[in-house]
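Listed in order, the protein sequences are those of chains A and B. In terms of the numbering used here, the first sequence is residues 1 to 325. In terms of the numbering used here, the second sequence is residues 326 to 650. Even for Gly, the Cβ is constructed at its ideal location relative to N, Cα and C. Since the structure is predicted, the reported quantities are computational estimates derived from the model, not experimental observations.
Protein chains: 2
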Amino acid sequence: MTRTLKSPNDVRIVAVVGSGVIGIGWILHYLRMGLEVRAYDPAPIARTRISEMVAMSWPIMEELGLRTGARMGNLVIAESLANAVATADVVQEAAPEDVKIKTQLFADIDAVAPASTIILTSTSGISMTLIQADCANPGRTATGHPFNPPYLIPLVEVLGGEQTDPEVVEWTMEFYRTFDKYPVFLEREVPAFIASRLQEAMWREALHMIAAGEATVEMIDDCITEGPGLRWVVTGPVMNFHLAGGPDGMKHVLDHFGPTLKEPWTRLIAPELTDELRAAVIDGCNRESAGRSVDEMVLDRDRAIIAVMKARRESAEAATRRRSR
Amino acid sequence: MTRTLKSPNDVRIVAVVGSGVIGIGWILHYLRMGLEVRAYDPAPIARTRISEMVAMSWPIMEELGLRTGARMGNLVIAESLANAVATADVVQEAAPEDVKIKTQLFADIDAVAPASTIILTSTSGISMTLIQADCANPGRTATGHPFNPPYLIPLVEVLGGEQTDPEVVEWTMEFYRTFDKYPVFLEREVPAFIASRLQEAMWREALHMIAAGEATVEMIDDCITEGPGLRWVVTGPVMNFHLAGGPDGMKHVLDHFGPTLKEPWTRLIAPELTDELRAAVIDGCNRESAGRSVDEMVLDRDRAIIAVMKARRESAEAATRRRSR
Numbered sequence: 001m002t003r004t005l006k007s008p009n010d011v012r013i014v015a016v017v018g019s020g021v022i023g024i025g026w027i028l029h030y031l032r033m034g035l036e037v038r039a040y041d042p043a044p045i046a047r048t049r050i051s052e053m054v055a056m057s058w059p060i061m062e063e064l065g066l067r068t069g070a071r072m073g074n075l076v077i078a079e080s081l082a083n084a085v086a087t088a089d090v091v092q093e094a095a096p097e098d099v100k101i102k103t104q105l106f107a108d109i110d111a112v113a114p115a116s117t118i119i120l121t122s123t124s125g126i127s128m129t130l131i132q133a134d135c136a137n138p139g140r141t142a143t144g145h146p147f148n149p150p151y152l153i154p155l156v157e158v159l160g161g162e163q164t165d166p167e168v169v170e171w172t173m174e175f176y177r178t179f180d181k182y183p184v185f186l187e188r189e190v191p192a193f194i195a196s197r198l199q200e201a202m203w204r205e206a207l208h209m210i211a212a213g214e215a216t217v218e219m220i221d222d223c224i225t226e227g228p229g230l231r232w233v234v235t236g237p238v239m240n241f242h243l244a245g246g247p248d249g250m251k252h253v254l255d256h257f258g259p260t261l262k263e264p265w266t267r268l269i270a271p272e273l274t275d276e277l278r279a280a281v282i283d284g285c286n287r288e289s290a291g292r293s294v295d296e297m298v299l300d301r302d303r304a305i306i307a308v309m310k311a312r313r314e315s316a317e318a319a320t321r322r323r324s325r
Numbered sequence: 326m327t328r329t330l331k332s333p334n335d336v337r338i339v340a341v342v343g344s345g346v347i348g349i350g351w352i353l354h355y356l357r358m359g360l361e362v363r364a365y366d367p368a369p370i371a372r373t374r375i376s377e378m379v380a381m382s383w384p385i386m387e388e389l390g391l392r393t394g395a396r397m398g399n400l401v402i403a404e405s406l407a408n409a410v411a412t413a414d415v416v417q418e419a420a421p422e423d424v425k426i427k428t429q430l431f432a433d434i435d436a437v438a439p440a441s442t443i444i445l446t447s448t449s450g451i452s453m454t455l456i457q458a459d460c461a462n463p464g465r466t467a468t469g470h471p472f473n474p475p476y477l478i479p480l481v482e483v484l485g486g487e488q489t490d491p492e493v494v495e496w497t498m499e500f501y502r503t504f505d506k507y508p509v510f511l512e513r514e515v516p517a518f519i520a521s522r523l524q525e526a527m528w529r530e531a532l533h534m535i536a537a538g539e540a541t542v543e544m545i546d547d548c549i550t551e552g553p554g555l556r557w558v559v560t561g562p563v564m565n566f567h568l569a570g571g572p573d574g575m576k577h578v579l580d581h582f583g584p585t586l587k588e589p590w591t592r593l594i595a596p597e598l599t600d601e602l603r604a605a606v607i608d609g610c611n612r613e614s615a616g617r618s619v620d621e622m623v624l625d626r627d628r629a630i631i632a633v634m635k636a637r638r639e640s641a642e643a644a645t646r647r648r649s650r
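Written out as structure tokens, the structure is:
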């Protein structure tokens, strides 16, 4: 079907359905972006909790910087789902992570929202194809998976279900970009998407280590914050290896350290390092490098890590001062 | 045996054996700490490469801050292993990651180093028990595993082999603390230790995703740098979940999200969430929290993430300016 979609710049009203940590986070984010927000949660306690949480975190929004017109007063807590979505350009659903709840909720939202409203789920892993299954108009539904806290972490994973219109996915990417997010588009519906899968692999290995008495919680956290975490936040995990490989970068790493994939270095079995996989990783590093040499990028990385360490230290010192007052 | 160990504060000379990325990194670090460094590498090209690399990276050392007396002139490139270690208080070995090479090298260093010299390997995963096997005096050998770049990343994983004297391990911890490192002591010899295991779990999952066409290199790097990476560098991966769990923290997370461990969210099989494992993770989070509430820590985390994002952005902008000059 052909769809007339307004420019993301013309979005004025976002409805947020659900008011857990993620729902409240979205409310804060969209308020900070200068939008009007309609919040809805069926729980009787929600009204008080939403108001309190938004007020508590508003100073953080001010630190981040408010867009023109942004104010807490742009939030209306609706009495019903129909009221919340009646005038919304976009609905951002953040209900509990349960396929039955979300599928039913999407059918309900779809039934009462204007035809032009885009409906997005915050699911961290449930298939969009299942969530949209009972919608009369599933083409306008898509996934926009945020990361906690949604008012702070830029990443949003965007994907469609089997019935999602391709232009709705494109529009969703543009919508998030317009409102200060960093959307990444997934062509495939992979369980847990990308970031949570990577996180989950590390989390499971950490749990194995704790269960086996090989490490404590503190050792695991220290090892990441004082170790590889400093590199990942600057270069990402793949580019990090590229920069450790000398002038030949990832090519050297794969040819030199490929055999360690056979070592019992985690409980996760390694993939076969085929020629295709080798080429895909090396090509990806080259694309990301965009013509910059490894030496040049190492220097950039070093300066960025120094800046991150300094910012982190100053922030920790400020926290200690706040606590001792 | 009883050992008389000088205070780490009295360490004056460190020998670095090997001059790859890690060896050069250690040379820079110890020079920055105001120590005299004796470098040795059997490769004929090493002399030139060491001098060039140290000169190239010295501005980064200056940005990090030099200790009193620190200067490039404190580096002597030795003509032989014996010369390099003859007067060294500490030897930091950084030879290729090969058990035969390291075991032989440790026997050689042990044979020519003064009895009071502590000998440390940079191995990222080889058992210290194997590396020290052919030493006449293995009690003074231990592992100090750094992270690339060693002049920048604070973490050093410290562990002994079966024949290492316990006081040598303690001394090594104190030595690294004295010279601006963040040592973490491992009681057990686990293949790849802690940080590299966690890194490797994520790396293998990333390779699987690339091999399966589920994600590209760029998507993986973007998802970490703009997503969970921002949290890990501030709180670590376990504490990150604690802070996402609301007032009950990790207890809520394990009871609520425990079932997702059964989901196919990575190719790594999850451990059984036993009562013991549950208690170990919750207790660890409570110890790390040191009396701070989740709300209080969330606020600290948010401010730290804002500071890290700002530092990272400014650093990226500076890099772009450097490149466009």
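A contact is defined here as three or more CB-CB pairs under 8 Å, and the stretch 524-535 of chain B fails this definition with respect to the stretch 170-187 of chain A.
Put simply, the CB of F472 (chain B) is near chain A, with a gap under 8 Å to one of its CB atoms. Proximity of I153 (chain A) to chain B, defined by a Cβ-Cβ separation below 8 Å, is satisfied. Chain B has a Cβ within less than 8 Å of the Cβ of Y182 (chain A). Only R556, W557, V558, V559, T560, G561, P562, V563, M564, F566, A569 and G571 from the stretch 556-577 of chain B bring a Cβ to less than 8 Å from some Cβ of chain A. Bridge pairing for I119 (chain A): A:V91 and A:T141 [DSSP].
Remark: C-beta atoms of L75 (chain A) and A39 (chain A) approach each other more closely than 8 Å. Using a CB distance below 8 Å, no part of the stretch 29-52 of chain A faces chain B. Membership of L64 (chain A) in the alpha helix (DSSP H) is indicated by the continuous run A46 to L64.
Of all residues in the stretch 438-455 of chain B, the ones placed with a Cβ closer than 8 Å to any Cβ belonging to chain A are G450, in chain order.
Shown here for I118 (chain A): same chain residues with a beta carbon closer than 6 Å to its own, the five before and five after excluded, namely V90 and R140 in chain order. The residue among A:C135, A:M128 and A:A279 with its C-alpha nearest the C-alpha of L186 (chain A) is A:M128.
Taking the Cα positions, D625 (chain B) is about 45 Å away from F431 (chain B). The residues A215, in chain order, have a CB closer than 6 Å to that of M209 (chain A) in the same chain once the five nearest residues on each side in sequence are set aside. Contact annotation, G144 (chain A) with E543 (chain B): C-beta distance approximately 19 Å; criterion of less than 8 Å not satisfied. For F518 (chain B), there is no enclosing beta strand (DSSP E), as DSSP gives it neither H nor E. Between the C-alpha atoms of L389 (chain B) and I306 (chain A) there is a straight-line separation of about 7 Å. Beta-bridge pairing by DSSP links P146 (chain A) to A:V156. In the structure shown, the three-state DSSP call for F431 (chain B) is helix. Within its own chain, the residues whose Cβ lies closer than 8 Å to the Cβ of G570 (chain B), once the five positions on either side in sequence are excluded, are K576, H577, V578, H581 and V619, listed in chain order.
For the pair A409 (chain B) and V509 (chain B), the Cα-to-Cα distance works out to about 28 Å.
Residue environment analysis places T225 (chain A) among the buried positions, since at least 16 neighbouring C-beta atoms fall within 10 angstroms of its C-beta.
L28 (chain A) is not a Cβ neighbour of V11 (chain A), given a cutoff of 8 Å. Not one beta carbon of chain A lies nearer than 8 Å to the beta carbon of C460 (chain B). Taking 8 Å as the threshold, the shortest C-beta distance from A604 (chain B) to chain A does not fall below it. Listed in chain order, the non-local C-beta contacts of T393 (chain B) below 7 Å within the same chain comprise G359, local neighbours out to five positions each way being set aside.
Separation of R646 (chain B) and E296 (chain A) (C-alpha to C-alpha, rounded to the nearest whole angstrom) is 13 Å. Proximity of chain B to I27 (chain A) at the Cβ level (cut-off 9 Å) is not reached, the minimal Cβ distance being about 15 Å. Annotation for L261 (chain A): no alpha helix (DSSP H) segment contains it, and DSSP assigns it neither H nor E. For E487 (chain B) and E157 (chain A), the gap between their C-alpha atoms comes out near 48 Å. With a threshold of 8 Å between beta carbons, G554 (chain B) makes contact with chain A. In the three-state DSSP reduction, F185 (chain A) falls in the strand class (E or B). Taking 9 Å as the upper bound on Cβ-Cβ separation, chain B lies near residues E263, P264, W265, T266, R267, L268, I269, A270, P271, E272, L273, T274 and E276 of the stretch 263-276 of chain A. Restricting attention to B:T591, B:I385, B:L586 and B:W590, the CA atom closest to the CA of L598 (chain B) is found in B:L586. The C-beta distance from T428 (chain B) to L455 (chain B) rounds to 6 Å, short enough to fall under 8 Å.
Proximity of S315 (chain A) to chain B, defined by a Cβ-Cβ separation below 8 Å, is satisfied.
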